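Q: Below is the structure I would like to discuss, written out as structure tokens.
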Amino acid sequence: MSIASDLIRGSTDMIILAQLMRNESYGYEINKKIQQKSGKQFELKEATLYGAFRRLEEAGYVSFYWGDEQTGARRRYYSITEKGRESFQIMTEDWHKACRLIESMISLDEEENRDE
Amino acid sequence: MNERIKLHLDSLFEGAPKTRQVEDLRQELLAGCRDKYADLTGGGMDSEEAYQKVIDGIGDVKELLGYIEKSEAFDPADAAEKRRKRAFFISAGILGYFVAVSMFFLFSFSGREEFGLALMVAFAGVSTMLLVYGRMTTVVKYEKTDDTLVEEMKVQMTTGKKDNKMASMASSSLWLLIVTIYLVVSFWGGRWDITWIIFPFAAGLQNLISAYFKPEAKKKHLGGLFWCFVVTAYFIISFGSYAWHITWIIFPAAAAVQQAVKLFTFWKEQE
């Protein structure tokens, strides 16, 4: 599981942006959706999540506003910016490219990839 | 249990600098933990187990705090914006002065000096306010040397002083305007016996200005506003009806209203 989780950690930003592509949201809801999508196999640590938010914010990919919860602590609501949308597209394209590349490099079949 | 979560977070943040970014993070983390805890127990989980799960899910806060410390972002963006804004207010203010003087001459030629004078003073007042407001909103704030709460306080204090200046500016404009109106209307209509009523009314407006600029003393000033208007109403009604033997009733009535309002706000705050 450790390689898998390293891989996922490297893709945290992309995973979070994917959630925000749908609708604006706040920390716990985003994490819960991620957990559900992974079939309860994966859940981000809180610190990882909020660290990613700050990174994304600095890069200008997300913007935030404080909720006005009457009781308890206030939530920080995030929404994706236009810049964030663009870079999400690029990230996912790169990701799929890398997947195919790794796939072909670790393949044990002998006869393929001679087409160039 | 919420208190227990908060205590745990406090221990995680121990020794962290008290900057706004850190406080934001603490706030967000607390909200996240409480959301999670509520969700887990709402799903039927035992409270102790849910607490453990929440705590285990927090992860490495120290690393995150380190990251925040390194990235104290500085925003140089609004300098140009401020310059533009200031230029606008200065131009508008100067234009106002020209209009003021023109008004005076315009009405003087048609033989209505008082009216021209009143307009001139009014325009001059507005222009002054534009200039002062423009300067206040664009002046360079106290530069924070670091992002601690103490520095934040200093910034707030300097902006607070600006508000005071603004308040006294607004007050003097108000009184200038009121005196002008009083003189013009009195000379014009010759009703010196009644025009003074504008002063208790103006005192009410003064309270309104104070309430606007000093929200912490809002209640006091709104009370003052109320009484000024009651007094004004008393004189207007009494002079109008000459029923002095009965109009005084407005004072106990007003007192009752004020007590009722006090009770109502007290009751609202309790909720």
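The listed protein sequences derive, respectively, from chains A and B. Just so you know, the first sequence maps onto residues 1 to 116 in the working numbering. Just so you know, the second sequence maps onto residues 1001 to 1271 in the working numbering. Backbone N, C-alpha and C define an ideal beta-carbon position, used for all residues, glycine too. As the structure is a computational prediction, the values presented were derived from the model and not from experiment.
Comparing alpha-carbon positions, which option in A:17, A:10 and A:7 lies nearest residue 81 (chain A)?
A: For the purposes of this step, residue 81 (chain A) is taken as residue 81 along the first sequence, with counting starting at 1. It is A:17 whose Cα lies nearest to the Cα of residue 81 (chain A).
Q: Helix, strand or coil: which one does DSSP assign to residue 42 (chain A)?
A: By 1-based counting over the first sequence, the position of residue 42 (chain A) is 42. Coil at residue 42 (chain A), not helix or strand.
Q: Under 8 Å, CB to CB, which of the residues in the segment 1051 to 1072 of chain B have a partner in chain A?
A: Here the close residues are 1057, 1058, 1059, 1060, 1061, 1063, 1064, 1067, 1068 and 1071.
Q: Taking one C-beta from the segment 1212 to 1220 of chain B and one from the segment 1184 to 1202 of chain B each time, how about it: are there three or more such pairs within less than 8 Å?
A: With the cut-off at 8 Å, the segment 1212 to 1220 of chain B and the segment 1184 to 1202 of chain B do not touch.
Q: Please tell me whether residue 41 (chain A) and residue 30 (chain A) are closer than 7 Å, where the distance is taken between their beta carbons.
A: Numbered from 1 along the first sequence, position 41 holds the residue referred to as residue 41 (chain A). Numbered from 1 along the first sequence, position 30 holds the residue referred to as residue 30 (chain A). Contact: no.
Q: How long is the line joining the alpha carbons of residue 1112 (chain B) and residue 1098 (chain B), rounded to whole angstroms?
A: Along the second sequence, read from residue 1 onward, the residue named residue 1112 (chain B) stands at position 112. Along the second sequence, read from residue 1 onward, the residue named residue 1098 (chain B) stands at position 98. About 19 Å.
Q: Are the CB atoms of residue 1104 (chain B) and residue 1096 (chain B) nearer to each other than 7 Å?
A: Residue mapping note: residue 1104 (chain B) aligns to position 104 of the second sequence, counting from 1. Residue mapping note: residue 1096 (chain B) aligns to position 96 of the second sequence, counting from 1. No. Outside cutoff.
Q: By the criterion of Cβ-Cβ separation under 8 Å, what are the contact partners of residue 97 (chain A) in chain B?
A: The count along the first sequence starts at 1 and reaches residue 97 (chain A) at position 97. Per Cβ cutoff of 8 Å: no residues; residue 97 (chain A) is ~29 Å from chain B at best.
Q: If you count every other CB in all the chains shown that lies within 10 Å of the CB of residue 13 (chain A), and 16 or more means buried, which is it?
A: The sequence position of residue 13 (chain A) within the first sequence is 13, counting from 1. By the 10 Å Cβ count, residue 13 (chain A) comes out buried.
Q: Decide if residue 1263 (chain B) is buried, meaning its Cβ has at least 16 other Cβ atoms within 10 Å, or exposed.
A: Here the question's residue 1263 (chain B) lines up with position 263 in the second sequence. So residue 1263 (chain B) counts as exposed.
Q: Is any beta-carbon of chain B found at less than 7 Å from that of residue 100 (chain A)?
A: Taking the first sequence and counting its residues from 1, the one referred to as residue 100 (chain A) is at position 100. Judged by the 7 Å Cβ criterion, residue 100 (chain A) is not in contact with chain B.
Q: Helix, strand or coil: which one does DSSP assign to residue 1055 (chain B)?
A: Here residue 1055 (chain B) is taken as the residue at index 55 of the second sequence, counted from 1. Correct three-state label for residue 1055 (chain B): helix.
Q: Are any of the Cβ atoms in chain A nearer than 7 Å to that of residue 1018 (chain B)?
A: Counting from 1 along the second sequence, the entry for residue 1018 (chain B) is found at position 18. Cβ-Cβ to chain A under 7 Å: no for residue 1018 (chain B).
Q: Are the CB atoms of residue 75 (chain A) and residue 67 (chain A) nearer to each other than 7 Å?
A: To locate residue 75 (chain A), count along the first sequence from 1; it is residue 75. To locate residue 67 (chain A), count along the first sequence from 1; it is residue 67. Yes; because the gap between Cβ atoms is below 7 Å, this pair is in contact.
Q: Determine the extent of the beta strand (DSSP E) in which residue 1037 (chain B) is found, giving its start and end residues.
A: Along the second sequence, one-based indexing puts residue 1037 (chain B) at 37. Segment 1020 to 1042 is the alpha helix (DSSP H) holding residue 1037 (chain B); no beta strand (DSSP E) there.
Q: Once the 5 residues before and after residue 1006 (chain B) are set aside, which same chain residues still bring their CB inside 8 Å of it?
A: Taking the first residue of the second sequence as position 1, residue 1006 (chain B) is located at position 6. Correct list, in chain order: 1030.
Q: If we call anything under 7 Å between Cβ atoms a contact, is residue 49 (chain A) one with residue 27 (chain A)?
A: Working through the first sequence from its first residue, we reach residue 49 (chain A) at position 49. Working through the first sequence from its first residue, we reach residue 27 (chain A) at position 27. Taking 7 Å as the Cβ cut-off, residue 49 (chain A) and residue 27 (chain A) qualify as a contacting pair.
Q: Using the Cα positions of residue 1073 (chain B) and residue 1022 (chain B), report the straight-line distance between them to the nearest angstrom.
A: On the second sequence, position 73 is the one that residue 1073 (chain B) refers to. On the second sequence, position 22 is the one that residue 1022 (chain B) refers to. Since pLDDT at residue 1073 (chain B) reaches only 44, below the 50 mark, its modelled position is unreliable, and no value is offered.
Q: Check for me: the beta strand (DSSP E) holding residue 100 (chain A) runs from which residue to which?
A: Against the first sequence, residue 100 (chain A) aligns to sequence position 100. Taken as a continuous stretch (DSSP letters only), residue 100 (chain A) belongs to no beta strand (DSSP E), being part of the alpha helix (DSSP H) at 82 to 106.
Q: Could you compute how far the alpha carbon of residue 1190 (chain B) sits from the alpha carbon of residue 1114 (chain B)?
A: In the second sequence, residue 1190 (chain B) corresponds to position 190, counting from 1. In the second sequence, residue 1114 (chain B) corresponds to position 114, counting from 1. Cα to Cα, the separation comes out at about 13 Å.
Q: Starting from residue 1227 (chain B), trace the alpha helix (DSSP H) both ways and give me its first and last residue.
A: The residue you call residue 1227 (chain B) lines up with position 227 of the second sequence. Its alpha helix (DSSP H) spans residues 1218 to 1241.
Q: Between B:1205, B:1084, B:1234 and B:1237, which has its C-alpha nearest residue 1223 (chain B)'s C-alpha?
A: Taking the first residue of the second sequence as 1, we reach residue 1223 (chain B) at position 223. Taking only the C-alpha atoms, the option nearest residue 1223 (chain B) is B:1205.
Q: So who's on the other strand from residue 64 (chain A), going by DSSP bridges?
A: Here residue 64 (chain A) corresponds to residue number 64 of the first sequence, with the count starting at 1. DSSP lists A:78 as partners of residue 64 (chain A).
Q: Closer than 7 Å, CB to CB, is residue 24 (chain A) near chain B or not?
A: In the first sequence, the residue the question calls residue 24 (chain A) occupies position 24. Closer than 7 Å: no.
Q: With a CB to CB cut of under 8 Å and the five nearest residues on each side skipped, what residues in its chain are close to residue 1013 (chain B)?
A: Sequence index remark: in the second sequence, residue 1013 (chain B) carries index 13 (1-based). Cβ within range, chain order: 1022, 1026, 1061 and 1065.
Q: In the DSSP assignment, the alpha helix (DSSP H) including residue 1267 (chain B) goes from what residue to what residue?
A: By one-based count along the second sequence, residue 1267 (chain B) stands at place 267. Residues 1250 to 1270.
Q: Once the 5 residues before and after residue 10 (chain A) are set aside, which same chain residues still bring their CB inside 8 Å of it?
A: As a first step, residue 10 (chain A) must be located in the first sequence, where it is residue number 10. Excluding sequence neighbours, residue 10 (chain A) sits near nothing in its chain.
Q: Using a beta-carbon distance cut-off of less than 8 Å, what residues from the segment 1034 to 1050 of chain B approach chain A?
A: If the cut-off is 8 Å between Cβ atoms, the segment 1034 to 1050 of chain B has 1034, 1035, 1036 and 1039 near chain A.
Q: Can you list, in chain order, the residues of its chain whose CB lies under 6 Å from that of residue 1211 (chain B), leaving out five sequence neighbours each side?
A: Position 211 of the second sequence, counted from the first residue, corresponds to residue 1211 (chain B). Same-chain partners within the cutoff: 1218, 1221 and 1222.
Q: Here's the rule I'm using: 16 or more other beta-carbon atoms within 10 Å means buried, otherwise exposed. How should residue 1266 (chain B) be labelled?
A: Residue mapping note: residue 1266 (chain B) aligns to position 266 of the second sequence, counting from 1. With fewer than 16 other Cβ atoms within 10 Å, it is exposed.
Q: Quick check on residue 1172 (chain B): buried or exposed, where buried means 16 or more other Cβ atoms within 10 Å of its Cβ?
A: Taking the second sequence and counting its residues from 1, the one referred to as residue 1172 (chain B) is at position 172. It counts as exposed.
Q: Taking 7 Å as the CB-CB cut-off, is residue 1015 (chain B) touching chain A?
A: Position 15 of the second sequence, counted from the first residue, corresponds to residue 1015 (chain B). No, residue 1015 (chain B) lies away from the interface with chain A (no Cβ there is under 7 Å from its Cβ).
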